[in-house]
Structure formats: structure tokens, C-alpha cells
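>
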Amino acid sequence: KAGLIVSLQDPEDKRRRLLTLSEHGVELLTRMEVAWRDIARSLHQLLEPHTHHLLRAIEEVEDGFSRKPFLQRIREVKRKRQWEEV
215 KAGLIVSLQD PEDKRRRLLT LSEHGVELLT RMEVAWRDIA RSLHQLLEPH
265 THHLLRAIEE VEDGFSRKPF LQRIREVKRK RQWEEV
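Start counting the sequence shown at 215; every next residue gets the next number (this note's numbering).
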């Protein structure tokens, strides 16, 4: 619908469809890759001075997940919220 993909019948197997990016899809992908690189560079500049703190925070989160799974934490928060709504 957005014109990003071209669907063609497989010449070897008429039941199959082959999907490829359209010319517009390739153009958009190229522009997105440039934007992704800009975003990555911006994040790197933002986070570089804080990498030590960020890595420590990630370690703490991982440790917390090992003590209690994230899904369990979400369910507990949901139950508490529902209980408070009553």
C-alpha cells in the first residue's frame, strides 16, 4: 500500500510470491540508514561520558531480574494498582 515492496510470482513455483523492495523502498531504506547512523552518533556523544554509570545501572537491572523476573514484577505492580482502584 505504501509502495515499498514489489510482489512477483516465482517463475519456478507459481504458488509462491517473491518480495523485494521497490525503488521507493530502497530509497527510503537508504535515507533511514543515514538517519540511524546520525542517531547512533548522537547517542554515543550523549552517553560516552556516562558509560561507566550506564554499565553499572545495566548490571544492577540484570541482578534485579535474576532475583525476580520482570514479568513477575509487572504482575505485582498491576495487582497493586488494581487493588488500589477498588
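In this text, a Cβ means the ideal position worked out from N, Cα and C, and glycines have one as well.
Report the start-end ranges of each alpha helix (DSSP H) in the region 240-283 that is 4 residues or longer and not cut off at the edges.
Within the region 240-283, the complete alpha helix (DSSP H) runs of at least 4 residues are 265-281.
> What is the rounded straight-line gap between the Cα of Q274 and the Cα of A249?
The residue you call residue 274 lines up with position 60 of the sequence shown. The residue you call residue 249 lines up with position 35 of the sequence shown. The residue you asked about is not Gln; residue 274 is Glu in the sequence shown. Cα to Cα, E274 sits roughly 31 Å from A249.
> Whole angstroms is fine: what's the gap from H258's alpha carbon to S280's?
Along the sequence shown, read from residue 1 onward, the residue named residue 258 stands at position 44. Along the sequence shown, read from residue 1 onward, the residue named residue 280 stands at position 66. Approximately 28 Å between the Cα atoms of the pair.
> What are the boundary residues of the beta strand (DSSP E) that S221 is part of?
Sequence index remark: in the sequence shown, residue 221 carries index 7 (1-based). First-last of the beta strand (DSSP E) with S221: 219-223.
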